[in-house]
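The structure appears right after this line, and notes come after that.
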Amino acid sequence: MIDITDNLIPLPPTAVALGFFDGLHLGHIQVVLETFDKKGLHSAMFTFHSDTALPKREKIENLLSNDIKLSLLDMAGVEYIYSPDFDTVRNYTGEDFVTKILIKIMNARLVVYGFDFRLGAGADCDAAGFKKICQRYGIDVIIVPPFSSDGCIVHSTVIKNLIKNGEVEKANKLLGYEFSIYEKVVGGNRLGRTLGYPTINQVYPENMVTPLFGVYKSFTFIGDRVYPSITNIGVKPTVNYKNKPLAETHILGFDGDLYGQKIKVSLLSFIRPERKFEDTEALKQQLHKDKMTAQQ
2 MIDITDNLIP LPPTAVALGF FDGLHLGHIQ VVLETFDKKG LHSAMFTFHS
52 DTALPKREKI ENLLSNDIKL SLLDMAGVEY IYSPDFDTVR NYTGEDFVTK
102 ILIKIMNARL VVYGFDFRLG AGADCDAAGF KKICQRYGID VIIVPPFSSD
152 GCIVHSTVIK NLIKNGEVEK ANKLLGYEFS IYEKVVGGNR LGRTLGYPTI
202 NQVYPENMVT PLFGVYKSFT FIGDRVYPSI TNIGVKPTVN YKNKPLAETH
252 ILGFDGDLYG QKIKVSLLSF IRPERKFEDT EALKQQLHKD KMTAQQ
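Residue numbers (the working numbering): 2 to 297.
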């Protein structure tokens, strides 16, 4: 996939998927799929960088990091992506967007977006209105209807609420992949190693939706291998780690130094809520129980 954001190049005729795609979930994928195999058009996407979109919201709650988002799009087969800072286009009218981006930059012949798509200053251009503008300039439009899975409309808000409630299994089904953390490993107080359960610590990203604090079954990706693991997300109440949310992961079958490396940890299912223990011995006993649960 070629990112033209910082290096604009002439593009061949394209079919462009439009949207923020803050989760790239199964509903979003329906939009992306519509850009493939369209009579010689090349698949492209206009989206926003996950960390710069909607800057005036009180808190951005992404479902995946920008790195993972780009990786998934590349694996899906998108050929070109244009992802400017939100502030550079926030005041565009629908017509501005068509002429300055879709025509001038992306050479669009077809655009695809979801039924709830909105554009323009104040989001005043809805899906139907934007379609009329595109058609005036000879650009075909496909509006993708709501997508349902297991009787539930797949929507980012629904998925975020599931994750906040610890229901990551249900969330993962709607995402189409495992909800994951992809951050650098930072130093800790090494209490886990002292207790016989060494862990990697990752500061939980502020711009990601935060799962219910507690312990999860997980997978940890190191190099080309995938390890079963147990991940605690929370503020480590037993050892009081500066009240900053952390992802603390004990990796089964691995013993090595990962400090400074960006490691992907995928959450699979919720085991138990986070809680404060009377002492480290009680914590050690609970860690053993959590490990047995994960192994099963």
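Quick reminder that beta carbons are idealized off the backbone N, C-alpha and C, glycines included.
In this structure Lys161 touches Leu64 by the C-beta definition: roughly 7 angstroms separates them, less than 8 angstroms. A distance below 6 angstroms between beta-carbons, with the five flanking residues on each side excluded, links Pro13 to the following residues of its chain, in chain order: His43. The secondary-structure analysis by DSSP pairs Gly235 across a beta bridge with Leu247.
Here Cys135 really is in contact with Val112; their C-beta atoms are around 6 angstroms apart, less than 8 angstroms. In the DSSP assignment, His29 falls within the unbroken alpha helix (DSSP H) covering Leu27 to Leu34. Of Gly152, Val99 and Ile144, the smallest CA-CA separation from Arg137 is found for Val99. Between the region 206-225 and the region 265-272 there are three or more C-beta pairs closer than 8 angstroms, enough to call the two in contact. When DSSP states are grouped into helix, strand and coil, Gln136 belongs to the helix group. Between the alpha carbons of Val33 and Val236 lies a distance of about 37 angstroms. Contact check for Val155 against Leu175 passes: the beta carbons are separated by less than 7 angstroms. In terms of Cα proximity to Thr232, the closest of Gly224, Ser219 and Gln262 is Ser219. For Lys174, the enclosing alpha helix (DSSP H) stretches over residues Val169 to Leu176. Between Leu9 and Ile106 a beta carbon distance of about 6 angstroms is seen, short of the 8 angstroms cut, so the two are scored as contacting. One thing to note: Phe116 has its Cβ no nearer than 7 angstroms to the Cβ of Ala129. Going by DSSP, Asp75 is part of the alpha helix (DSSP H) stretching over Asn67 to Ala77.
Setting aside the 5 residues that flank it on each side, Gly261 is surrounded in the same chain by Lys185 and Val186, each with a C-beta closer than 8 angstroms to its C-beta; the list follows chain order.
Each of Asp258, Phe118 and Ile234 was checked against the Cα of Leu268, and the nearest Cα belongs to Ile234. Closest option to Glu80, judged by alpha-carbon separation, among Asp23, Val17 and Asp141: Val17. In this structure, the beta-carbon distance from Asn173 to Ile61 does not fall below 7 angstroms. Between Gly152 and the set Val142, Ile140, Lys171 and Asp141, the nearest pair of CA atoms involves Lys171. Where Glu80 is concerned, there is no enclosing beta strand (DSSP E), because DSSP gives it neither an H nor an E. DSSP places Gly95 inside the alpha helix (DSSP H), whose first and last residues are Gly95 to Phe98. Taking the Cα positions, Lys39 is about 16 angstroms away from Leu19. Shown here, Thr89 sits in a helix according to DSSP, grouped into three states. Relative to Thr250, the option among Ala77, Thr221, Asn108 and Gly177 whose CA is nearest is Thr221. Approximately 5 angstroms separates the beta-carbon atoms of Lys265 and Ser181; this is inside 8 angstroms, confirming the contact.
For Lys165, the uninterrupted alpha helix (DSSP H) segment begins and ends at Ser157 to Lys165. Measuring C-alpha to C-alpha distances from Lys70 to each of Gly177, Ile223 and Lys245 identifies Gly177 as the nearest. With a beta-carbon spacing of about 5 angstroms, Ser84 and Thr6 fall inside the 8 angstroms limit used to define contacts.
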